[in-house]
Every structure is written in structure tokens, then in C-alpha cells.
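Just so you know, we're using our numbering here: the sequence shown kicks off at 133 and counts up by one. Just so you know, even glycine gets a beta-carbon here, dropped at the ideal spot from N, CA and C.
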Amino acid sequence: KTGKYPLAQTFIKGDEYGIEMLCQKGRIVAQVAHKRIRSLSPTGGAAVVKKTICNTKIAYEMESVAQKIAKELSWEGVMMIEFKNDEKDNELKLMEINGRFWGSLPLAIFAGVDFPYLFFKQACKKSDTHNTIDITSVPIIKCQTNIISRHFWGDCHNLLIVLFAKNKMRKILFPKRVVAIFSFFALFTGQKYDVFSLEDPKPFFMEIIDIIRKKLWK
């Protein structure tokens, strides 16, 4: 209908991973590696529950690929690279590269890597080299491991889809409904929340208003 030829890819089943980084002149100066636990939908979308996996075999494999890409592109700024660990051969497969900030950014901040602030420092260095620190002069900033963050309303959306959606890929991609319910409620302790904060609860409630408004105007 659009007159454009579609891009078809082989289906790869396996866990999803990502590595996020800030680069300067092709060198990685800060990075976070994470595993996606749940997405907006079992078929894909933004990560709604995710966990940092720094200092693991998979993290080192992703870092090796990321370093080559950043160097080859002489990349400046932020970048996010997504992978899938193919169940067929247990090998990482590169899925996509995004040259922008990513949806799971709060996870990185919770894990000790404040990408927006580091990016700000990098930008300031270009305009005023006398009053800023050269972040390329220090070792790569890496995250704390096993930090979990959750986008609550996105996770609610995932649960509703698992429980009620009719999808031809259910047998392949969807978890059992009982497992999904247990996993959802098991996460109420021991993790961070992307939006909700007792210190600043307003964005959480504004998000509710935004969801309702979108449903009414749909």
C-alpha cells in the first residue's frame, strides 16, 4: 500500500539484551549493559522491566561489538545497541542501533551512570574547555550490576495483553497466564520505578491522566 518494499527478517527466539553508551571521538566513556525482562508486549516494544548485567560474559561480548562500532563510526554522543541471544546456537545477534537516548534510561541512572549529566558535561567541554573535565581522561564509567527498574503502567499493559489478547504468536512468545500474574506481583519489592517517586510523585499521576486522555481521544 505504501509503495515501499518491506524489510523481512528471520525470526530469532531468545532473551533480549542491550548496551547503552556515551562516546567521544569513537571512544566509549560510559556504558550500561542490561537484560530485558519484559516488554510493553510479548511481541516487542519498549522494555518495561529490565536488569543491569555488568561484568558478565554477555556484557563483555556486547562491549566488544560496541567498541568496534563506535570506533568505526567515530561516534560522538549517546548510542544504544540491541541484541538477541539466539536459542538455536546461543550466540548474540545484533538487532539494531539507535543513535539517541533510550526508553530504559532511568535504569542507567539508578545503576550509577547518569547519561544526561555526562552528555551535558561533554557538550559543555566543547564550548568551554577551561571550566570542564575531560571525561575521556578517566576509565570507562560502568554501572552497578543486578539493578532492576520497572515502568509500572507499561508492565500493567504487558499483563493485560498476556491475559486477554488474541495473538497467533501466543504459543511461541507469550508466557503462561499464571506465570505472568505471579511474575507481575513478585516485582513489587526490591526494584526501582522509572516514573514513580515519593519525592516527586506528580509525573506518575500525570502519566495516568495522559493514558486516560489518549484512550478517550483514540
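Counted within 10 angstroms of its Cβ, other Cβ atoms place residue i as buried (16 or more) or exposed
i, result
"L154", "buried"
"A255", "exposed"
"F317", "exposed"
"A165", "buried"
"D326", "buried"
"T184", "buried"
"G176", "exposed"
"W349", "exposed"
"T261", "Only weak support exists for where T261 lies, its pLDDT of 48 falling under 50; the value from the coordinates is given anyway. Under this definition T261 is an exposed residue."
"V210", "buried"
"K274", "buried"
"L292", "exposed"
"Q141", "exposed"
Contacting residues, own chain, Cβ-Cβ under 8 Å from residue i (five flanking each side not counted)
i, result
"G322", "I280"
"M338", "none"
"E223", "N217"
"T264", "With a pLDDT of 47 at T264, under the threshold of 50, the modelled position of this residue cannot be trusted; read the value that follows with caution. Taken in chain order, the residues that qualify are K253, C256, K257."
"A178", "S171, L172, G235, S236, H283, G286"
Residues near residue i in its chain [Cβ-Cβ closer than 7 Å; skip 5 each side]
i, result
"V180", "R170, S171, L172, R282, H283, G286, D287, N290"
"G146", "K216, N217, D218, E219"
"I272", "I160, V161, A162, Q163"
"W234", "E152, M212"
"K167", "D147, Y149, K182, K183, I185"
"A240", "E152, V164, F247, C275"
Bridge partners - residue i, DSSP secondary structure assignment
i, result
"V245", "Paired residues: none, contrary to the question."
"V161", "Paired residues: none, contrary to the question."
"F215", "Y149, L226"
"Y325", "R282"
"V311", "In DSSP, V311 forms no bridge with anything."
"H166", "G150, T184"
"I273", "A162"
"S171", "A179"
Neighbourhood of residue i by C-beta distance below 6 Å, restricted to the same chain and skipping five residues each side
i, result
"C186", "A165, K274, C275, T277"
"G231", "M211"
Is the segment 240-253 touching the segment 188-197 in the sense that three or more CB pairs, one from each, lie closer than 8 Å?
No: the two stretches stay apart, fewer than three of their Cβ pairs being nearer than 8 Å.
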